[in-house]
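10 is the number of the first residue of the sequence shown in my numbering; add one for each residue after it. Every residue gets a Cβ at the ideal spot worked out from N, C-alpha and C, and that includes glycine.
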Amino acid sequence: MAHEHIVIVGGGLAGATAAKTLRAEGYEGPVTLVAAENRPPYIRPPLSKEFLLGKAEADAALVVPDKWYGENGVELLLESLASRIDPRGHAVALADGRSLHYSKLLLATGARPRTIPLPGADLDGVMTFRTFDDSVQLQNLLKDGGKKVVMIGSGWIGMELAAAARTYGNDVTLLGLEDIPLSAAIGPELGGFFHRLHEDQGVTFRLPASAAGIEGQDGRATAVRTNTGETLPADVVIVAVGVVPDTALGEAAGLAIRNGILVDTGLRSSAPDVLAAGDVANALHPFTAEHHRSEHWANALNGGKVAAKSMMGRDAQLDVVPYFYTDQFTVSMEYSGFPSLTSGITPMIRGSLDDGSFIAFWLREGVVVAGMSVNQRRVQKPIKALISTRTPVNVNKLTDLGVPLDELLPDAP
């Protein structure tokens, strides 16, 4: 063990889960986790949900308690940046001049918010959203209510932040490039459900519309100009137009890159002893035989576990069905499946959109490839089973509320 040293670059859920799994699986060699932020690794979903709304404490977002790292012999380097990796020499150079030699290296560098070159984007009151500090800043801006908030972006994060801002009693206007928010992700019918939900709660939409510039006075944002010629008063402007994988280290080191760091089912990259997990990894999935890059916490969690086992020489692969969830106003939604397989497919609905409680299924060649549940409890397990077992289903039974989903599984009595 003396010559071994596992280095993990990235202080998010994937990196911390990998460290935790290494110890849980019996790895006794040295482990160093290089984290750019000034706080121990945390999970991101609460940042735009319960923590932002003041319903959860900061510690609830930690992957493991602060003391876990010291108690388990994991060296945690906070506020540390990796500036270069040398796959041939098995070394990681840090920005402070130190060099770490590794036997195995995990890149879990995540993603960074996509920016748009808007005039006025550097004014006070304009922000992107990604980190714990971003969530604290936004909560302080929103919590007293009465602000005029302009949200640029109608994806999942934009919709969650709009819901939080409105819940605090702010006036919210949301700009998006689609005619219907979320329609690129889940189709116009289901996107329309979320559109109506937000409008019923007082969110105003400008669709399709984009920001052309941000106006300000005395260094602070005062309005957003749209490409349609409208000027929207604004005290707070949030740019939520997606993220891009942080592949800089991998690119400079010559790793294979395509919408992230390309890795196999065991999360091994094109360089020996270098792996990638989480948002930055574009992993081959055995279900589709295609590469998928997922930006959701379940992928980071499961990817961290698989990467740890792969680094230990175990036979492991990232073969779970992708999953994510969102909470907006009175709606709790969970989604399992492969968005890449749902393109052009009209979902089958079990239940009623009007009642606000339903399941949507996407079928390809008679097999469920994705399922989204809204305000339904304990249904994701059978949905994932339907997907992973490639079970041909009877559409009439699938959409019949009287037929339990478990009965559609191949081993059902």
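Would you mind sorting residue i into buried or exposed? The rule is 16 or more other CB atoms within 10 Å of its CB.
i    : result
K29  : buried
S192 : buried
Q337 : buried
A249 : buried
H12  : exposed
E343 : buried
L109 : buried
P128 : exposed
M10  : Because the pLDDT at M10 is just 38, under 50, the model does not fix this residue reliably, and the point stays unresolved.
K390 : exposed
R302 : buried
A218 : buried
D288 : buried
A280 : buried
G3   : What is shown of the chain runs 10 to 422, which leaves residue 3 out entirely.
P331 : buried
V404 : exposed
A104 : exposed
G106 : exposed
G98  : exposed
L414 : buried
A369 : buried
A243 : buried
Could you round the C-beta distance between residue i and residue j to whole angstroms and report it? I think they count as a contact, below 8 Å.
i    : j    : result
G19  : L116 : 7 Å
V388 : L395 : Rounded, the Cβ-Cβ distance is 10 Å, inconsistent with contact.
L170 : S57  : 6 Å
H300 : N308 : Incorrect: roughly 13 Å between the Cβ atoms, too far for contact.
P96  : V283 : 6 Å
K406 : L417 : 6 Å
L241 : A173 : Not confirmed; about 19 Å, so no contact.
T408 : R359 : 5 Å
G196 : L132 : The Cβ separation is near 36 Å, so there is no contact.
E34  : A317 : 7 Å
V135 : I223 : 6 Å
L85  : P49  : 7 Å
S366 : Q385 : 6 Å
Anyone know if the C-beta pair for residue i and residue j falls short of 9 Å?
i    : j    : result
V145 : V245 : no
I266 : A220 : no
I247 : T335 : no
M168 : L151 : no
D273 : L293 : yes
R93  : A262 : yes
E187 : L362 : no
H305 : F333 : yes
T118 : G312 : no
S319 : L271 : no
N179 : G154 : yes
K393 : S345 : yes
V51  : L90  : Here residue 51 turns out to be Tyr, not Val, going by the sequence shown. Contact: no.
L114 : M321 : no
G185 : R215 : yes
V212 : V101 : no
P190 : G225 : no
R205 : R139 : no
Q210 : R175 : yes
P55  : H14  : no
Name the DSSP beta bridge partners of residue i, please?
i    : result
D336 : S341
E299 : H294
E198 : None; E198 has no bridge partner.
E416 : None; E416 has no bridge partner.
D180 : K157
E304 : E304 is not bridged to any residue.
V272 : A292
H14  : Bridge partners of H14: none, in fact.
V43  : V18 and L86
L103 : A91
M136 : I247
Q4   : Beyond the ends of the chain as shown, which are 10 and 422, falls residue 4; an answer cannot be given.
V383 : M342 and F367
V212 : BP columns for V212 are empty, so no partner.
V1   : Only positions 10 to 422 of the chain appear in this structure, which leaves residue 1 out of reach.
Quick check on residue i - is its C-beta less than 9 Å from some C-beta in chain B?
i   : result
P96 : In summary, chain B is missing from the structure at hand, where a single protein chain is found.
The stretch 253 to 271 contacting the stretch 228 to 236, beta-carbon criterion three pairs below 8 Å: no
Would you check if there are 3 or more beta carbon pairs closer than 8 Å linking the stretch 366 to 384 to the stretch 349 to 357? yes
Would the stretch 67 to 84 and the stretch 120 to 140 be scored as touching if the rule is three or more Cβ pairs under 8 Å? no
Would the stretch 63 to 72 and the stretch 39 to 47 be scored as touching if the rule is three or more Cβ pairs under 8 Å? no
Below 8 Å, how does it come out for the stretch 366 to 375 and the stretch 314 to 332: are there three or more Cβ pairs, yes or no? no
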